[in-house]
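The block underneath contains the structure these notes are about, expressed in structure tokens.
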Amino acid sequence: MDTLKTISSQFLRILLILTLVYSCSSNDDEGQSDNNPQSGGNNINFTVSNSAAANLNDAYNITYPDNDDQAATMIYGHVYNEDTDEGTIRVVSLTFAYFVSDNDYYDVSMTFPAGIGSHTLGEFQTSSTGMITEYPLSHMVLNFDAGRAFYDSDGDLDNDIMTDLLSKNVVVTVTEYEETTNSFGLLTLSHIKGTIGNSGNQFFHKAFTGPTTDPEELLCSVTADFEYNIQD
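Heads up: the sequence shown is residues 253 to 484, going by our numbering.
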């Protein structure tokens, strides 16, 4: 995977570790606490199916705040203007992350044009080493620990997966969307709700096949529903 994505994932995990340590410390100091979520949902529910990485086929949930004392969760929403060949496009970026340890985590990030409607995600292009050579403006990435995203085609006990789980042929449908002005006077994302349905969506891992052969493409399906609300 590309260097920027690797650095971003590592930085996100560091933030989650700090959050987990702080949360556990706060729970110890305060005893029983009320962990009821604030008004408005902040969550993603998604299901991975038909993956060659057998441990990956499952239903997942990331909710903030979370009542799980062993895990840290973070959810971010952002909106910004992106200059493209077609002109300036207003873009939404969402990140949902769940972290227990370096051996137990998963996170989802997605970027697409702002507003209500259906948005077709672009297809990633990768090199023979699994490095991303084209990062489409509209995309979705799912990142998992190696215990979940494990695939061994040649039986040598090494993980042959070379990339995160990347969008290929995916449509995200946004049913609710709102923006607001923050305390700095900047327009920011206030609320978004959307889905990825059952029909026709494809994600892929690239997997190692040999030193002189091209990687194989491991296709699977992901369905999801998500919601973000700005926190007070």
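Virtual Cβ for every residue (Gly too), placed ideally from N, Cα, C.
Just so it is clear, the structure is predicted and the values come from calculations on it, not from any experiment.
Check                                                                                                 : Outcome
Neighbour-count burial assignment, PHE436, 16 or more Cβ in a 10 Å radius                             : exposed
Assigned exposure category for ARG342 - 16 Cβ within 10 Å defines buried                              : exposed
Simplified DSSP state of ASN481, which is helix, strand or coil                                       : strand
Per-residue burial, SER301 [other beta carbons within 10 Å of its own, 16 or more giving buried]      : exposed
Cβ-based burial, GLU338 [other Cβ within 10 Å; buried from 16]                                        : exposed
Given 8 Å, three or more beta-carbon pairs between the region 368–381 and the region 417–427          : yes
Of the residues LEU308, THR299 and GLY293, the one placed nearest PHE402, counting alpha carbons only : LEU308
Top-ranked residue by Cα proximity to ASP477, from LEU438, THR315 and SER353                          : THR315
For GLU430, the nearest candidate out of HIS443, MET362 and LEU439 (CA to CA)                         : HIS443
At least three beta-carbon pairs within less than 8 Å, the region 317–330 to the region 346–366       : yes
Euclidean distance between Cα positions of ASN288 and ASN295                                          : For ASN288, the pLDDT reaches just 37, beneath the cut-off of 50, and the residue's location in the model is therefore unreliable, leaving the point undetermined.
DSSP bridge partner residues for GLY369 (one or two, in chain order)                                  : VAL426
N- and C-terminal bounds of the beta strand (DSSP E) containing ASP310                                : 310–315
Endpoints, the beta strand (DSSP E) within which PHE351 is located                                    : 339–353
Reference GLU375; option with closest CA among ASP356, LEU418, ASP404 and SER361                      : LEU418
C-alpha distance - SER285 paired with GLY449, whole-angstrom precision                                : Residue confidence is low: SER285 scores 33 on pLDDT, short of 50, so the model does not pin down where it sits. No coordinate-derived value is stated.
N-terminal and C-terminal residue of the beta strand (DSSP E) that ASP441 is part of                  : This sequence places Leu at residue 441; Asp is not what is there. 439–448 is the span of the beta strand (DSSP E), which, as asked, contains LEU441.
Helix, strand or coil at ASN307 according to DSSP, with G and I counted as helix                      : helix
Residue closest to LEU394, alpha-carbon to alpha-carbon, out of ASP406, ASP404, TYR358 and ASP410     : TYR358
Boundaries (first-last residue) of the beta strand (DSSP E) holding ALA459                            : 454–459
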